[in-house]
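Following this note's numbering, the numbering of the sequence shown begins with 1 at its first residue and continues without gaps.
One structure below.
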Amino acid sequence: MPKKRPALLIILLAVWFYVPAAFAASEPRYLTVTAVSDADSLRAGQLRLRLHGIDAPELRQNCLDSVGQPYKCGQSATDFLRSMIEIGTEIQCRHLDTDRYKRWVVKCFHNGEDIAEAVVRAGWALAYRRYAQDYIEAEKQAERARRGIWQGSFTRPEIWRREQRKK
1 MPKKRPALLI ILLAVWFYVP AAFAASEPRY LTVTAVSDAD SLRAGQLRLR
51 LHGIDAPELR QNCLDSVGQP YKCGQSATDF LRSMIEIGTE IQCRHLDTDR
101 YKRWVVKCFH NGEDIAEAVV RAGWALAYRR YAQDYIEAEK QAERARRGIW
151 QGSFTRPEIW RREQRKK
C-alpha cells in the first residue's frame, strides 16, 4: 500500500499544476492592440498575434483588379484591418496555439464581432483551410460579391510566400 502513495501524489501534483495552466491558456483575455502588422497579424505590446483560420495577402503582395491593373492588395488588406481595429483598441482574444514563429494563434473579437471573419467577409483574406474550417462560408460570400481580392485575380498568399522564398 505505501508504494501507491508516491504514484498517487505524483498524479495529484501533475493535475494540480498542469491542468489549470492548460485551461488558463484558453480563457479569453482582453488585449490592447499596439500595432497591425498585416491583415492577419497584430501586436499587443510584446505579444505577436496571428489570427486563427485565415490567410491574408502579405504586405508587399500585389494583385490584379477587375480590369487587370496591379494594385497593392497586401497594403489594402492591412488598411482594412487598421480601419477596423485602431491602435489602442481593446480586443478580446482566446489563445488557441503558438505557431513556429512564437506568435500566439488567436481567435479575437471586437465589439462582439469575430475579427478574422470580418476580414474574410470583406474579401481581404482567405479561409486557411489547412488549419481551420471556420471561415469557408464567409470566403464564399466575399467571392460571390467580388469584394476585396476577389474583384480581380491574385496569387494565394501561401503560394506567394513560397515563391518569394525561392528568389
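Even for Gly, the Cβ is constructed at its ideal location relative to N, Cα and C.
Would the beta-carbon of Ser66 fall within 8 Å of that of Gln151?
Ser66 places its beta carbon less than 8 Å from that of Gln151.
Tell me the DSSP bridge mates of Gln92?
Answer by DSSP bridge pairing, in chain order: Tyr30, Phe109.
Near Arg29, which residues of its chain fall below 8 Å by C-beta distance, leaving aside the five closest residues on each side in sequence?
Excluding residues within five positions, the ones whose Cβ falls inside 8 Å are Gln92, Cys93, Arg94, His95.
According to DSSP, is Trp124 helix, strand or coil?
Judged by DSSP in its simplified three-state form, Trp124 adopts coil rather than helix or strand.
Proximity of Pro70 and Leu64 at Cβ, strictly below 8 Å
Yes; because the gap between Cβ atoms is below 8 Å, this pair is in contact.
Other residues of its chain near Ile85: CB distance less than 8 Å, five sequence neighbours each side excluded
So the list reads Val33, Val36, Leu42, Ile91, His110, Ile115, once near-sequence residues are dropped.
Span separating the alpha-carbon of Arg50 from that of Asn62:
Our two residues, Arg50 and Asn62, have alpha carbons roughly 21 Å apart in a direct line.
Looking at the unbroken beta strand (DSSP E) that takes in Ala56, where does it start and where does it end?
Per DSSP, Ala56 lies in no beta strand (DSSP E) and is assigned neither H nor E.
According to DSSP, simplified to helix, strand and coil, what is Arg162?
Here Arg162 sits in helix by DSSP.
Among all the DSSP beta bridges, which residues are the ones paired with Thr98?
DSSP lists Trp104 as partners of Thr98.
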